[in-house]
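For reference, the structure discussed in these notes is given below.
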Amino acid sequence: MFLPPKSKFTGKCPVIVNIHGGPEGEARPIYQGRNNYFLNEMGVAILFPNIRGSTGYGKTYVALDNGFTREDSYKDIEALLCWIKQQPNLDGERIMVTGGSYGGHMTLAVATRYNDLIACSVDVVGMSSLVTFLEHTEPYRRDLRRVEYGDERDPKMREFLEKIAPVNHVRDLKKPIFIVAGANDPRVPKSEADQMVAALQQQGTPVWYLAAKDEGHGFAKKKNADFQFYATIEFVEKCLLGPGSK
3 MFLPPKSKFT
13 GKCPVIVNIH
23 GGPEGEARPI
33 YQGRNNYFLN
43 EMGVAILFPN
53 IRGSTGYGKT
63 YVALDNGFTR
73 EDSYKDIEAL
83 LCWIKQQPNL
93 DGERIMVTGG
103 SYGGHMTLAV
113 ATRYNDLIAC
123 SVDVVGMSSL
133 VTFLEHTEPY
143 RRDLRRVEYG
153 DERDPKMREF
163 LEKIAPVNHV
173 RDLKKPIFIV
183 AGANDPRVPK
193 SEADQMVAAL
203 QQQGTPVWYL
213 AAKDEGHGFA
223 KKKNADFQFY
233 ATIEFVEKCL
243 LGPGSK
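Numbering-wise, the numbering used here puts 49 at position 47 of the sequence shown, and it's gapless, one number per residue.
Printed below as a string of structure tokens:
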């Protein structure tokens, strides 16, 4: 957990929950780069959870979210959101969930399941359905991902993955969401974002959509990364901090 400077910001801090990708990744205390703007200029705390499925805690922990246990990792974020609301220095009414790649999938899962516990969310190149993701990701990586998520060709597994897919629960997502995608993404195809955005627009949920024609799995070009960052700042100002935050 990173906190903004007390000398500059008083009262309860709004919170960004930033979920790592992988899923076999691990959040570590590293230099925060652009995130320092949220901390030092906007007064927002940032939490980086290592939910089950993360590395760094042993082989058993890494496998705790595989296949039919996928939902348990979603529940870890629910527990974190409830913990935030109990902290005297954190503003439990102003929580934003974000993440990239698998962290983006987690963001969509949390935003649809626990929408009442958050103020807004930012999904970066995340999977809106593990079924359509597995069907459209590049063939060279499909079998490897099936080991993690389950084989969508198996009828029981497919039924389960369809049941938990965020895109199939968009009716429960009412809070503002910002979705980012790359048109040339070989890992998580842009279609994962397109189908989520279309469903949200159809029901009238506030959704911002940024898709780069010349990017893949995350924005690598500086002009695009800068644009994404500035757009995210504007989204945070409007949807997390509220009127008069500038």
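For each residue, glycine too, the CB sits at the ideal point set by N, CA and C.
Cβ contact annotation for Ser56 (same chain, cutoff 6 Å, sequence separation greater than five): Glu28, in chain order.
Assigned with DSSP and collapsed to three states, Ser123 falls in strand. Gly128 is the residue among Gly128, Ala113, Glu161 whose C-alpha sits nearest the C-alpha of Ala183. The three-state secondary structure of Ile53, taken from DSSP, is coil.
For Ala222, the secondary structure class from DSSP, reduced to helix, strand or coil, is coil.
With distances taken between CA atoms, Leu49 lies nearest to Phe4 out of Glu80, Lys177, Phe4. Under the DSSP definition of a beta bridge, Cys15 partners with Leu92. Residue pairing by DSSP places Ile179 opposite Ser123, Val209 in a beta bridge.
Residue state for Gly105 is assigned as helix, using DSSP reduced to three classes. Inter-residue distance for Ser75 and Lys223 is about 32 Å (C-alpha atoms, whole angstroms).
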